[in-house]
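Asks:
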Amino acid sequence: MLTVQSLRKKFGELEVVRGVSFEVSAGECYGLLGPNGAGKTTTLRCCLGLTAPDSGTITLDSLPVPARAREARARIGVVPQFDNLDPDFTVRENLRMYGRYFGLSRSEVARRVPWLLDYAGLADKADAQIEALSGGMKRRLTIARALVNDPRVLFLDEPTTGLDPQARHVVWERLKRLLGEGRTIILTTHFMDEAQRLCDRVAIMDHGVFLAEAPPHELIEREIEPVVIEVYGEGVGAWFETHARRLATRAELSGDTAFCYCREPEALLATLADAPELRVLRRAANLEDVFLKLTGRDLRD
Amino acid sequence: MTDQLRFRHVVYRNYRVWRKLLAASLVGNLLDPLFWLVGLGFGLGSLLPSVGGMRYLEFLGSGMICYGVMYSTSFEGLWSAFTRLKQQRTWEGILHAPMTVTDIVVGEWVWAALKGVLSGVAILTVMAALGLVRSPMALWALPVMLLTGLAFAGIALVITALARSYDHFVYYFTLFITPMMLISGVFFPTAQLPRAVQLVAQVLPLSHATQLARGLVLGRPIDNAFAHVAALALIAVVGVVLARALTARRLR
């Protein structure tokens, strides 16, 4: 459905995407993960033909991009990172007008709008102004708007950023429904739980290159130790130096929390029996641990 | 065929928004020139015997048509277009559909010009109501209004593509639009001005527009009509081509 080969893009002196290749097949949900500034959005914009790559080839739904990007966009849906619903129109008018941009006839759009309103859960808000909608409603409407042309592929750039947990779960449920209908989804996110829930495969990206690419569970098995012991509380530093460094396969001290990645955590846990002032959390390794291992703990501003 | 006319979706979008504010827009378009014409035309005009062989009201009215086109078009191409570009991200949304930067810029260009024509027509209507339009030849002022609108829309969209905030438009108005309004023969004949200023005035788009419109509305001969049309057309085309390139660079 989407093939990207050796994609490169420079803005001024800064090379934002430095040789990225990947493939997404029909019906798959593919996630691009990475910290802010990793090159996710630029990669996505290149795939849509909105930014011209410096080199590399992109094929979207068998059309070369950017050469025939406009035609390709006629067959796909796009959900941007920042809402750009048209505030001069109501909910229903937004859907209708967007259909116009796709060259759909008035009657085609009119037939489709009730389904879209229903999908977005906004049937009773059809005549509301955009500014009267909550963040979650706007997001759902933006997703519904991207479906106006009944696309087989959907691109979403950070679909749940800025939403509260309730709204995020609703968005996930709606996206799963689309996957159930056999549509292809390509999304960027920096929420690991989102990627783990939705994506069949994820790529972790940083500084313009892919660091790893696999199904989420495989990535966890391959890249990281299965058990994580988190220790925090007063005196964690001393404990970390004497025990964690020696007994954990890999250990990191971040602020006043020690993260210990282990295969066999029993020996390490035994040392904590003598330290009642330290609090301990034992959990299975997840995608976030992989992400932090590969991209580091440094802040990205 | 329909492929080249995709810009019409952008025109239609703006039209639909405008229609929601139809009443307010028409009142402004009609009342504003009426006040100017009555105030300046009758008030100042009664002190003047004749201006360039015309009643002052006739002189002023035919100039006001072009001023109205310029003003409406510029406002739409600057403040309104910039709002859609930056504040509302409307253009970004349209680009996610199978539309191109060219479709958007051409659509905005045509729309801003049409809003200018609307203002011009309103002033022409007020003039007709005051008995200042005597010949059906005045209808030929319509294509001149459109051309004038396209010229000012082209310039406005270039400024919009370069602007970082609304503040930039104040410079454009203060340094370009206002002095042009004063020296392009809208309120008094250019012949009253010092020679150097006259030379500058000659190349300004508003001068070309005013001379064409005045001749057509009042049924008087126009000197160098073809040159005026060519100048406006050149500004319009260079403007929209440049605006397209600058907008594409900005949105890439």
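Sequences listed follow chains A and B, in order. Under our numbering, the residues of the first sequence are numbered 1 to 301, in order. Under our numbering, the residues of the second sequence are numbered 1 to 252, in order. Using N, Cα and C, we set each Cβ at its ideal position, and we do this for glycine too. No experiment lies behind these values; they were computed from the predicted model shown.
(1) Do ALA248(A) and VAL231(A) have their beta-carbon atoms positioned less than 7 Å apart in this structure?
(2) Using 7 Å as the limit for Cβ to Cβ distance, is PHE11(A) near chain B?
(3) For a quick check, are the C-beta atoms of ALA38(A) and ASP206(A) less than 7 Å apart?
(4) Pop quiz: ARG45(A) and GLY208(A) are said to be a contact at Cβ under 8 Å. What is the actual Cβ separation, rounded to whole angstroms?
(5) Here's the rule I'm using: 16 or more other beta-carbon atoms within 10 Å means buried, otherwise exposed. How should GLU234(A) be labelled?
(6) Hey, THR41(A) and ASP157(A) are a contact pair by Cβ (cut 8 Å); roughly how many whole angstroms apart?
(7) Going along the chain, which residues of its own chain have a beta-carbon closer than 6 Å to the beta-carbon of THR90(B), five neighbours each way excluded?
(8) Would you give the residue range spanned by the alpha helix (DSSP H) that PRO143(B) belongs to?
(9) Going by beta-carbon coordinates alone, are THR102(B) and ARG214(B) separated by less than 7 Å?
(10) Can you tell me whether MET1(B) is buried or exposed, with buried defined as 16 or more other CB within 10 angstroms of its CB?
(11) Using the beta-carbon of each residue, which ones in chain C are nearer than 7 Å to LEU95(B)?
(12) Under 8 Å: do the segment 51-63 of chain B and the segment 180-189 of chain B share three or more Cβ pairs, one atom per stretch?
(13) For a cutoff of 7 Å on Cβ pairs, would you count PRO87(A) as touching chain B?
(14) For GLY162(A), verify whether its CB is less than 6 Å away from any heavy atom of the ligand SAH.
(15) Going along chain B, which residues have a C-beta under 9 Å from MET97(A)?
(16) Would you give the residue range spanned by the alpha helix (DSSP H) that LEU154(A) belongs to?
(17) Kindly give me the distance between the Cβ atoms of PRO151(A) and ARG75(A), rounded to whole angstroms, as I take these residues to be in contact under 8 Å.
(18) As a quick exercise: from LEU206(B), PHE82(B), SER207(B), ARG19(B), pick the residue whose alpha carbon is nearest that of THR247(B).
(19) Work out the CA separation of ARG252(B) and LYS9(A) for me, nearest whole Å.
(20) I need the straight-line Cα distance from GLY154(B) to VAL105(B), nearest angstrom please.
(21) Counting along the chain, where does the beta strand (DSSP E) carrying PRO179(B) start and finish?
(22) Nearest chain A C-beta to GLN88(B) closer than 7 Å, yes or no?
(23) Quick one: residues in its chain with C-beta nearer than 6 Å to the C-beta of VAL110(B), no 5 flanking neighbours on either side, listed in chain order?
(24) Does the count of Cβ pairs from the segment 63-80 of chain A and the segment 116-132 of chain A closer than 8 Å reach three?
(25) Would you mind telling me which residues of chain B sit closer than 9 Å to ALA74(A), beta carbon to beta carbon, in chain order?
(26) Using three-state DSSP, classify ARG68(A) as helix, strand or coil.
(27) If you draw a straight line from the alpha carbon of ALA128(B) to that of PRO136(B), how long is it in whole angstroms?
(28) Going by DSSP, what residue range makes up the alpha helix (DSSP H) through ASP223(B)?
(29) Rounded to a whole number of angstroms, what is the C-alpha to C-alpha distance between PRO33(B) and SER119(B)?
(30) With distances taken from CA atoms, which of LEU117(A), LEU32(A), ILE229(A), ALA284(A) is nearest PRO159(A)?
(31) Taking the alpha-carbon positions, what's the SER62(A) to MET137(A) distance?
(32) Counting C-beta neighbours from all protein chains within 10 Å, is the total for SER80(B) 16 or more, i.e. buried, or is it exposed?
Replies: The short version:
(1) Here residue 231(A) refers to the residue found at position 231 when the first sequence is read from its first residue. Here residue 248(A) refers to the residue found at position 248 when the first sequence is read from its first residue. No. Outside cutoff.
(2) Against the first sequence, residue 11(A) aligns to sequence position 11. With 7 Å as the cut-off, PHE11(A) does not count as an interface residue toward chain B.
(3) In the first sequence, residue 38(A) corresponds to position 38, counting from 1. In the first sequence, residue 206(A) corresponds to position 206, counting from 1. Cβ atoms of ALA38(A) and ASP206(A): closer than 7 Å.
(4) Residue numbering aside, residue 45(A) sits at position 45 when the first sequence is read from its first letter. Residue numbering aside, residue 208(A) sits at position 208 when the first sequence is read from its first letter. Wrong, their Cβ atoms sit about 14 Å apart, outside the cutoff.
(5) Here residue 234(A) corresponds to residue number 234 of the first sequence, with the count starting at 1. With fewer than 16 other Cβ atoms within 10 Å, it is exposed.
(6) Residue numbering aside, residue 41(A) sits at position 41 when the first sequence is read from its first letter. Residue numbering aside, residue 157(A) sits at position 157 when the first sequence is read from its first letter. Going by Cβ atoms, the distance from THR41(A) to ASP157(A) rounds to 6 Å, so yes, they are a contact pair.
(7) Start at 1 with the first residue of the second sequence, and residue 90(B) comes out as number 90. For THR90(B), where only same-chain residues beyond five positions count, the Cβ hits under 6 Å are ARG84.
(8) Along the second sequence, read from residue 1 onward, the residue named residue 143(B) stands at position 143. Residues 141-162.
(9) On the second sequence, position 102 is the one that residue 102(B) refers to. On the second sequence, position 214 is the one that residue 214(B) refers to. It is not a contact, given that the beta carbons lie outside the stated cut-off.
(10) By 1-based counting over the second sequence, the position of residue 1(B) is 1. Because the pLDDT at MET1(B) is just 43, under 50, the model does not fix this residue reliably, and the value given afterwards should be weighed accordingly. The residue is exposed, with fewer than 16 neighbouring Cβ atoms inside 10 Å.
(11) Note that chain C does not occur in the displayed structure, where the protein chains are A and B.
(12) yes
(13) Here residue 87(A) corresponds to residue number 87 of the first sequence, with the count starting at 1. Yes - at least one Cβ of chain B is within 7 Å of the one on PRO87(A).
(14) This structure lacks the ligand SAH, and indeed carries no ligand of any kind.
(15) The residue you call residue 97(A) lines up with position 97 of the first sequence. Residues of chain B passing the Cβ test: HIS9, TYR12, ARG13, ARG16.
(16) Residue mapping note: residue 154(A) aligns to position 154 of the first sequence, counting from 1. Looking at the DSSP string, LEU154(A) is not in any alpha helix (DSSP H); the run it does join, the beta strand (DSSP E), is 153-157.
(17) Looking up residue 151(A) in the first sequence gives position 151. Looking up residue 75(A) in the first sequence gives position 75. Right, their Cβ atoms sit about 6 Å apart.
(18) Taking the first residue of the second sequence as 1, we reach residue 247(B) at position 247. Measuring from the Cα of THR247(B), the nearest candidate turns out to be PHE82(B).
(19) Translated into the one-based positions of the first sequence, residue 9(A) becomes position 9. Translated into the one-based positions of the second sequence, residue 252(B) becomes position 252. Using only the alpha carbons, I get a separation of about 12 Å.
(20) By one-based count along the second sequence, residue 154(B) stands at place 154. By one-based count along the second sequence, residue 105(B) stands at place 105. Whole-angstrom Cα-Cα distance: 9 Å.
(21) For the purposes of this step, residue 179(B) is taken as the residue at position 179 of the second sequence. Premise fails: PRO179(B) lies in the alpha helix (DSSP H), 178-183, not in any beta strand (DSSP E).
(22) Here residue 88(B) refers to the residue found at position 88 of the second sequence. Yes, GLN88(B) lies at the interface with chain A (some Cβ there is under 7 Å from its Cβ).
(23) The residue given as residue 110(B) occupies position 110 in the second sequence. Only VAL11 meet the Cβ criterion.
(24) no
(25) The count along the first sequence starts at 1 and reaches residue 74(A) at position 74. Simply ALA97, PRO98.
(26) Here residue 68(A) refers to the residue found at position 68 of the first sequence. If DSSP states are grouped into helix, strand and coil, ARG68(A) belongs with coil.
(27) As a position in the second sequence, residue 128(B) is number 128, starting the count at 1. As a position in the second sequence, residue 136(B) is number 136, starting the count at 1. So the two alpha carbons sit approximately 11 Å from each other.
(28) Taking the first residue of the second sequence as position 1, residue 223(B) is located at position 223. It is not in any alpha helix (DSSP H) - ASP223(B) carries neither H nor E in the DSSP assignment.
(29) Mapped onto the second sequence, residue 33(B) falls at position 33. Mapped onto the second sequence, residue 119(B) falls at position 119. Spanning the two alpha carbons is a distance of roughly 9 Å.
(30) For this step, residue 159(A) is matched to residue 159 along the first sequence. Out of LEU117(A), LEU32(A), ILE229(A), ALA284(A), LEU32(A) has the C-alpha closest to the C-alpha of PRO159(A).
(31) Working through the first sequence from its first residue, we reach residue 62(A) at position 62. Working through the first sequence from its first residue, we reach residue 137(A) at position 137. C-alpha separation (whole angstroms): 33 Å.
(32) Along the second sequence, read from residue 1 onward, the residue named residue 80(B) stands at position 80. Answer is buried; the Cβ neighbour count reaches 16.
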